[in-house]
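Protein chains in written order, with this note's numbering: chain A, 113 to 399; chain B, 200 to 711; chain C, 49 to 331; chain D, 22 to 375; chain E, 52 to 333. Report on the structure given below.
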Amino acid sequence: MSDLSVAPLASAAEDVPETVLDVRNLAVSIRTPDGVVNPVKGVDLSVRKGEILGVVGESGCGKSTTIKGVLKLLGPNSTVTADRIELAGHGDISGHSVKQMRGVRGRAVGFVVQNPFGSLNPIYTIERQFYELQKAHGTGVSKRQSRDIALAMLDGVGIVRPERVLDGYAHQLSGGMAQRVVIALATTLSPPLLFADEPTTGLDATVQAQILDLISGLVRDEGRSMLLVTHDLGVIAQYCQRVVVMYGGEVVEEGSVHDVMVTPTHPYTQKLIGSVPKPGEKLNVAR
Amino acid sequence: GGGGGSSDGGSDGVLSLAWSSTPTQLDPNVYTGLSWVHAVDGFMETLVEYDTSKASDDTVLGVDAVKPGLAESWEVSEDGKRYTFALRKGVKSEYGNELDADDVLWSFERMYSNPASLQAGVLLKSANVDPDEPVTKIDSHTVRVNLTAPSAIALSVLAYPIDGILDSDETKKHVTKEDPWAADWLAKNSASFGAYKVKSMDPGKEIRLEYNENYWGEKPEITEVIAKAVPDASARAQLLMSGDVDAIAEPPIDQLKKIDESANAEVSIQPDSNRHNLSFNLGDKALADPRVRKAISHAINREAIVESIYQGYAKPANSPQASGLMAGQPETGAYDPALAKKLLAEAGVDNGLKIDLSFSTARPGPYAENLARLVQSDLKAVGITANVKGVPSPADFEAAVSDRTMQAYLYSERPSQPDLGFSLFLYLHSGSALNKVGFADDEFDSIISKVLVTESGDERDAAIAEAMDIVVENEPIISLVEMPDLVGISSDLKGYVSLPTGGMKYDELKRG
Amino acid sequence: MSLVEISDVVKTFAARQRGADPVQALKGVSLSVDEGETVAIIGESGSGKSTLGKAALRLIDVDSGSIVVDGDDLGSLDARRMRAKRADMQVVFQEPFESLNPRLAIGSIIAEPLQIHRPDLGTTEIRRQVVQTMERVGLPEASANRLPGELSGGQQQRVGIARAVISRPKFLVLDEPTSSLDLSIRAQVLALLAELQQESRMAYLFVSHDMHTVEWISDRIAVMYLGEVVETAPTRQLFDAPTHAYTRTLLSARLSADPRDRHAYKAFAGDATVRQTSSEAST
Amino acid sequence: MTLAPVKGATVRTPRRVSTPWRLVLGRLGFLVAALFGVMTLSFLLVSVTPGDPARLIAGPLASDSQVEAIEAELGLDRPLGERYVDYVAGLVKGDLGTSYYSKQPIVDEIASKLPATLSLVLLAVLLAAVLGVVVGSLGAYFRGRWPDSVGRLFTGIFQAVPDFFLGLILIYLLFFVAGIAPAPAGQLAFSESPPPKVTGAIPIDALVAGDTALFVSSLQHLVLPVLTLALVYAAYFAKTARTTVGRALNSQQVHFARAMGLRERTVLRYAFVESRTTIVTYAGVIFAALLGGEAIVEKVFAWDGIGTWALNGILRLDLPVVQGMVLVAGALTLITYTLLDIVVGLLDPRIKHA
Amino acid sequence: MPDVFAAPRGHQLRLLVKQHPGATVGVAFIVLLLLASLFAPLPYDPTATNGSNALKAPGAEHWFGTDGAGGDVFSRVISAARIDLSLALAGTLLSLVVGLPLGLVASGKGRASDWLVRGLDAFQAFPLLILALALVSLSGNRLYMVVVAIALINVPRYIRLMRSEILSLRESRFIEAAIAMGATPGRITFRHLLPNVWGIVLVQTSLTIANAIVVIASLSFLGVGVSAPTPSWGGMIRDGAGNMSSGEWWIAGFAGIAVLLCVLAFNQLADAIGDRTARTYR
Ligand SMILES: Nc1ncnc2c1ncn2[C@@H]1O[C@H](COP(=O)(O)OP(=O)(O)OP(=O)(O)O)[C@@H](O)[C@H]1O
Ligand SMILES: Nc1ncnc2c1ncn2[C@@H]1O[C@H](COP(=O)(O)OP(=O)(O)OP(=O)(O)O)[C@@H](O)[C@H]1O
Ligand SMILES: [Mg+2]
Ligand SMILES: [Mg+2]
């Protein structure tokens with residue numbers, strides 16, 4: 113990672129606890145015109161330093177809602193409750209106000225989502241979006257410096273001619289490049305923890321692999337931690353250290369990737385793992 | 200700057216007026232509605248003029264209430280066919296040209312240049328002015344107006360503003376090949392010998408007059424007149440009550456009380472010959488029978504109409520012609536539904552007469568709609584179904600009146616000459632272009648034709664009385680309401696007298 | 049002669065954007081599918097897979113080349129005969145919900161091919177066959193009167209399949225039929241497709257992104273790259289000994305779901321704007 | 022500028038892409054064709070309507086031969102085709118005919134009335150946009166909570182109230198009851214005279230003439246009519262803004278901006294810039310609709326603009342006026358749409374940088 | 052063709068009532084108003100006048116007061132619904148009858164539909180109110196011309212709406228699936244395209260009625276279209292406009308409120324239908 117990037121938490125680096133994020137009993141309820149829904153019902157999970165924690169589960173089981181709930185990113189019609197949300201260096205953030213959360217977001221926790229085009233502002237240049245980020249966190253970085261930092265960040269995520277990207281707009285990028293830009297933005301302020309919500313879904317297999325390599329490199333080389341939401345068991349198997357399996361808004365199984373995937377205990381996990389087609393084998397189809 | 204109490208921009212010599220519309224042009228030869236006559240009245244000087252000192256409370260200024268204008272004096276020949284006028288000497292137009300007989304000659308020649316002009320077609324014609332030689336020059340300051348027969352209205356016709364005298368020397372400067380009568384120039388400019396001249400004019404928006412320094416008479420208190428178009432009646436009333444204007448034309452009837460109660464202004468009520476009528480197409484079968492018309496007339500409760508819609512500011516029309524033109528006319532149309540039913544039965548239409556009743560809010564006014572509704576209710580009570588129809592376009596409405604395509608309609612009529620004979624001729628003689636109902640009665644025609652060529656006097660009055668009997672018998676037009684001359688006027692403005700021309704003598708107004 | 053013979057098909061799209069160059073989606077593609085055979089098409093996004101699938105059904109007209117299905121050259125059929133021919137060839141799309149008319153009851157949707165091609169069958173018979181087919185694909189009979197929006201994604205895709213097979217077609221194009229489904233449901237749908245094929249020996253043209261799926265379901269695989277089929281081989285052979293460089297990249301990007309065989313990623317030098325993040329690049 | 026072929030992603034770029042110049046030229050081409058259509062329609066409108074303009078011009082006392090003479094003068098006795106050619110030729114020379122009623126050239130009348138309407142409509146649209154966008158954005162931001170409910174209540178009401186009725190209510194409340202607004206009788210107080218004509222728009226001309234009192238007065242007179250139109254159309258803006266800003270607020274880029282810890286203010290701005298093209302488009306559409314569409318409001322306030330002019334023209338059967346109005350409003354609308362396309366194209370990099 | 056299977060519908064209506072109380076109240080209001088204007092015994096004859104009872108303020112005897120001719124404002128406001136609403140509905144119906152087939156034609160492929168739409172663009176550049184006014188007034192103020200004028204204003208809207216909706220539907224997967232099934236163009240149109248535009252057409256229809264009510268009121272306000280003594284809201288507003296300045300607000304006031312409420316009701320209904328359509332089918 114570039115030396116130009118700001119590392120505001122450097123002083124706290126020595127006493128970073130083993131656990132970077134510890135969530136206890138997180139529950140979310142959302143009021144909708146059709147009634148109240150509870151997509152997340154008491155989730156516990158923790159991310160340790162230097163690891164990639166995978167979160168799997170079928171569509172709608174509450175994966176995205178869980179991580180949005182942690183960052184208080186859900187809309188005003190939602191209620192998030194938790195016994196505790198410990199974030200290294202910030203203590204329990206479960207009672208944080210929106211204003212306090214602003215300091216956490218982007219700085220302590222970076223966030224990458226599935227649709228890179230949707231994540232970038234279509235009207236502003238990429239450069240401006242880097243600068244807005246600096247401004248928002250009051251880093252006191254000038255426009256010039258911001259550009260230099262951005263150039264370095266883009267270089268860091270493997271973009272060949274970063275100047276051209278900086279001066280352009282989101283729609284001029286390919287999907288893989290746009291996702292790289294998003295990752296660069298998410299890591300500009302060197303957050304020790306990254307949330308990635310299906311960062312490669314919809315990308316081509318080859319590009320997908322590049323992006324996964326990139327983010328796993330960011331964790332490995334720079335001592336970060338990451339929470340990676342995916343529904344691709346291949347991704348879990350290849351990139352994660354530990355995995356959390358969610359079902360119907362609850363965590364049904366948690367453990368090291370090897371344990372969970374080779375010897376799943378929960379019936380849902382078993383079904384999930386059994387449903388990956390293996391040539392020559394009859395599919396484990398449970399209707 | 201207005202009168203009243205509010206902010207006063209200019210001096211008190213400025214008179215501000217709100218009219219419902221202002222003229223789009225000023226050429227006296229091109230008929231463009233009443234506001235045009237009023238505007239022309241402001242600057243055009245006539246040979247004779249109405250004498251406001253003769254005004255009374257119940258009748259309008261008559262045809263004889265004239266005084267010298269540009270003519271210092273006049274003589275009428277024995278046979279009543281020659282009017283010799285001695286022109287005032289040293290009278291100068293706003294351009295400094297002196298009035299002489301040639302100006303008079305040219306002015307009349309101009310009036311006859313367009314045979315369809317109001318002057319040639321109606322006014323001078325009904326005063327029997329000889330179209331072949333209307334005026335003869337005697338000397339530089341004496342002219343003679345030639346009539347083909349005696350006329351009672353010769354002088355009042357000459358007092359009508361569009362029959363005024365133009366400064367021919369100046370006007371002729373603006374003559375071109377395509378425009379031999381300088382119509383283009385006169386459309387926006389004045390060229391006469393009156394107390395005022397046109398200062399500026401914005402067609403349809405406003406007109407400004409200012410004192411003519413060369414005026415032969417006394418310098419008036421009012422030295423500038425601004426008239427602006429304010430089409431909305433309540434807005435006009437508002438301007439008057441707030442003191443922004445000195446006078447308003449056509450005040451909204453439903454706000455007259457408010458105006459009277461306001462601190463700044465009052466409603467001037469003076470006699471006039473304006474009447475609101477229920478007119479018919481007499482060619483229509485159902486309405487051809489006089490008994491039906493009489494029945495309709497008796498069915499309508501004029502008192503109630505006057506009390507509600509007109510808030511008591513008008514009078515029920517219970518005489519065949521405007522009472523302001525002649526006192527003591529026979530009474531017609533007394534409210535008597537029983538009689539109405541009886542008449543209908545006699546006419547054989549007692550079971551269900553249906554008529555179409557049209558109205559336009561442009562004439563008689565915005566209240567026409569309610570007037571139509573009241574008339575409809577009254578007619579319903581005697582078994583006549585009136586199918587009321589609003590005609591949104593005033594132009595459409597006037598065209599339908601001329602073409603007699605409407606069975607019955609509400610209308611207003613006001614003769615330009617304050618004379619019963621003229622009025623009878625104008626609206627009921629089969630030869631009159633303004634006989635819009637199509638009344639045609641040979642006996643009536645012959646009497647009125649005689650009246651037109653008879654000088655004022657007993658003989659004429661007797662003939663008129665005879666004609667009136669025919670009108671009473673026939674009720675060709677059912678008059679509903681007699682409208683007085685209503686003007687909303689600032690309380691500090693004195694000296695306003697209603698003129699038969701409809702205009703105002705600004706030079707006689709005083710503040711105080 | 050195979051059931052489906054696609055030869056030298058070329059398709060160029062006018063540019064979607066004014067000023068841009070036209071897109072050559074298919075640059076002379078040839079492919080055949082036999083009765084009872086599943087041929088998979090893989091390749092990166094935009095390589096022309098869906099276009100080929102549509103061309104095979106003549107849902108789009110091609111610029112040149114021929115498509116022969118069961119002895120009929122589709123290009124030579126007039127509109128009426130083409131419609132009749134469609135009884136033999138059907139399609140299942142990736143987006144189950146969007147493929148179903150949201151206003152029609154499930155039963156009506158499934159009945160539609162019969163109503164079109166077998167008007168001789170009475171309502172009762174059609175109804176019977178619909179119920180039978182629904183049962184076959186594992187849809188509860190009660191859902192016949194429901195609207196598509198009231199079903200889950202997996203059920204919606206079953207409706208799509210039921211509709212595709214009810215007229216007993218000989219040839220089925222499956223354009224990523226499972227990629228929008230959850231893992232467990234995906235497996236069920238794949239198994240269903242395999243069963244159906246065994247029963248009626250349909251020919252499948254199976255478009256997919258997913259290597260695991262393809263590996264499991266297909267007999268032969270065609271690899272497409274930029275509008276061309278760069279390699280065609282029986283499944284096992286392709287996985288064991290890919291000949292084309294692009295195929296190798298695709299295979300290397302495949303992630304095994306078994307944590308026991310973690311392996312390093314091998315990048316393909318296709319995207320020139322992106323610096324290689326991994327050491328080994330092959331061309 | 023191309024960075025990379027749009028490939029390797031299932032998320033495709035938005036479809037509307039075109040270079041600015043191509044855009045401008047294409048739209049201008051269409052503009053010319055459409056103007057021609059408007060011209061033809063306006064000609065037909067007047068030529069095929071029943072009625073006898075010659076008699077109308079001649080007046081009630083005219084004889085038949087005089088009417089015929091006028092007919093000949095107007096060319097009404099000639100075949101339709103010939104008249105059309107004349108009409109088009111006249112238009113090309115900037116001659117739209119003469120009003121039957123005022124006898125003034127239509128071009129002059131339009132030139133004198135259009136500035137009043139334009140200043141009214143422009144201010145109204147501007148105010149409506151600001152009001153509406155603020156209310157709508159607040160509603161979108163606080164969706165489902167009280168600012169949204171209150172906003173929607175007013176939006177619903179003002180969208181349902183006919184503008185002329187609102188005008189009357191405002192007159193009643195602000196002029197007659199409260200007495201804070203000037204009399205609804207035109208653009209200036211009765212005693213004031215318009216400043217020397219420069220642009221024709223009184224406030225601007227007053228400023229040019231350096232007459233601040235007149236400037237203030239003209240603004241005061243603008244208040245009620247502008248407010249009337251602005252309130253009604255602000256409701257439309259609010260509704261659109263609520264939807265588009267709401268959609269933008271729910272967009273992933275806004276979520277991402279939040280997740281990056283950007284200030285709420287910035288986040289709102291992000292959402293707003295994304296929806297601004299829609300709002301600008303909407304402003305253009307409303308502006309065009311108001312040209313002529315605000316005629317009744319003009320009438321209510323005795324506003325001497327092209328709306329009142331056209332209304333009176335219709336009621337007076339003054340066909341050249343109707344024709345002129347249709348032509349001018351049509352042309353202005355088309356020009357507005359054309360400008361709009363261009364502006365929107367320039368505002369949105371997705372269109373500009375193709 | 053009869054459906055082999057059909058989804059039950061009653062459910063939708065119940066949801067509409069439950070989730071959109073505003074729309075429900077609105078519809079109830081319109082229905083009541085219409086029924087009242089047609090059948091209810093009004094306190095006074097709406098066309099009756101009473102010269103001695105003009106301009107009375109609202110009170111026990113005249114709930115909404117009396118107008119300048121002494122007519123009962125309440126009776127007139129209620130009875131105005133008859134003509135105003137039926138004209139609005141007739142105009143809307145005509146717009147539908149003309150607009151829908153044309154819309155279908157315009158959403159076909161090919162140049163003809165392209166040109167039709169371009170023509171519409173040019174036509175819509177016209178000042179529509181002025182055009183409607185000219186149409187009604189130049190044709191001698193016939194009532195059916197009001198209906199025609201409403202259609203003239205709204206037909207282009209239906210055409211554009213249908214076109215944009217159908218063109219995007221044509222791109223959708225289920226149409227592609229229908230083509231793949233061998234469905235004839237007629238079947239595609241009537242079974243797949245049209246049923247999917249009804250929702251939005253219904254929304255537009257509700258908006259059209261609302262708009263038509265305003266157009267009719269605007270016309271009568273200018274004295275065009277419905278004319279006295281037939282009570283109409285626009286006419287009453289015009290009639291009462293002058294009185295407002297002298298404090299008699301109730302003539303124009305109640306008529307204006309009637310227009311406002313009707314428009315509000317139809318707008319609400321449009322919102323509700325739109326919302327339901329979006330929720331159920333998209
Ligand atoms: N704003 C919302 N309003 C109503 N329901 C919501 C909202 N957000 C989420 N939900 C519901 O909460 C549940 C969980 O949603 P979430 O997006 O967290 O699932 P997920 O596991 O991320 O699924 P996917 O794999 O499809 O992204 C779903 O049933 C969804 O419908
Ligand atoms: N209707 C069309 N008009 C213009 N271009 C098109 C059209 N349909 C497809 N294309 C272009 O043709 C190329 C091939 O598209 P196709 O949909 O066949 O790709 P694909 O391999 O199915 O991709 P994916 O995996 O994303 O579905 C792409 O570049 C696409 O943009
Ligand atoms: Mg998710
Ligand atoms: Mg595809």
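Every residue, glycine too, gets a C-beta built ideally from N, C-alpha and C.
DSSP three-state label for residue i, please.
i	result
leucine 121 (chain A)	Reliability fails at leucine 121 (chain A), whose pLDDT of 42 lies under 50, so the model's placement of it is uncertain and the value that follows must be treated cautiously. Three-state result, leucine 121 (chain A): coil.
glutamine 138 (chain C)	strand
serine 339 (chain C)	Outside the displayed range of chain C (49 to 331) lies residue 339 (chain C), so it cannot be described from this structure.
asparagine 150 (chain A)	strand
alanine 41 (chain C)	No answer is possible for residue 41 (chain C): the residues shown for chain C start at 49 and end at 331.
serine 326 (chain C)	Bear in mind that a pLDDT of 36 at serine 326 (chain C), under 50, signals an unreliable position, so the model cannot answer this.
tryptophan 114 (chain E)	coil
phenylalanine 254 (chain C)	strand
valine 652 (chain B)	coil
Can you name, in chain order, every residue of its own chain whose Cβ lies under 7 Å from the Cβ of residue i, other than the five neighbours on each side?
i	result
leucine 274 (chain C)	Ser95
lysine 253 (chain B)	Leu260 and Ala264
proline 217 (chain D)	Asp226 and Ala230
For ligand 5, any of its heavy atoms closer than 6 Å to the Cβ of residue i?
i	result
glycine 96 (chain C)	Inclusion of ligand 5 in the displayed structure is not the case, the ligand content consisting of ligand 1, ligand 2, ligand 3 and ligand 4 alone.
Give the C-beta separation of residue i and residue j to the nearest angstrom, bearing in mind that I take them to be a contact with Cβ-Cβ under 8 Å.
i	j	result
alanine 74 (chain E)	aspartate 322 (chain E)	7 Å
serine 496 (chain B)	isoleucine 677 (chain B)	5 Å
arginine 214 (chain E)	serine 158 (chain E)	4 Å
For residue i, I'd like the list of residues in its chain whose CB is within less than 8 Å of its CB, leaving aside the five on either flank, ordered along the chain.
i	result
alanine 108 (chain E)	Gly116, Glu299 and Trp301
arginine 305 (chain C)	Sequence inspection shows alanine at residue 305 (chain C); the arginine mentioned does not correspond to that position. If we look at alanine 305 (chain C) and ignore the five residues flanking it on each side, its Cβ neighbours are His260.
In chain G, what lies closer than 7 Å to residue i by C-beta?
i	result
threonine 100 (chain E)	Although the question refers to chain G, the structure presented lacks it and instead comprises the protein chains A, B, C, D and E.
**Message:** Please give me, in chain order, every unbroken run of the beta strand (DSSP E) with length at least 3 that falls completely inside the stretch 276-316 of chain B.
**Reply:** As far as the stretch 276-316 of chain B is concerned, its whole beta strand (DSSP E) runs of at least 3 residues are 281-286.
**Request:** Scan the stretch 227-280 of chain B and note each continuous alpha helix (DSSP H) run of 4 residues or more that stays entirely inside, going in chain order.
**Result:** Residue ranges of uninterrupted alpha helix (DSSP H) with 4 or more members, entirely inside the stretch 227-280 of chain B and ordered along the chain, are 233-242.
**Whole runs of the alpha helix (DSSP H) within the stretch 231-297 of chain E, excluding any shorter than 4 residues** = Taking only runs of at least 4 residues, the alpha helix (DSSP H) segments lying wholly in the stretch 231-297 of chain E are 245-272 and 284-296.
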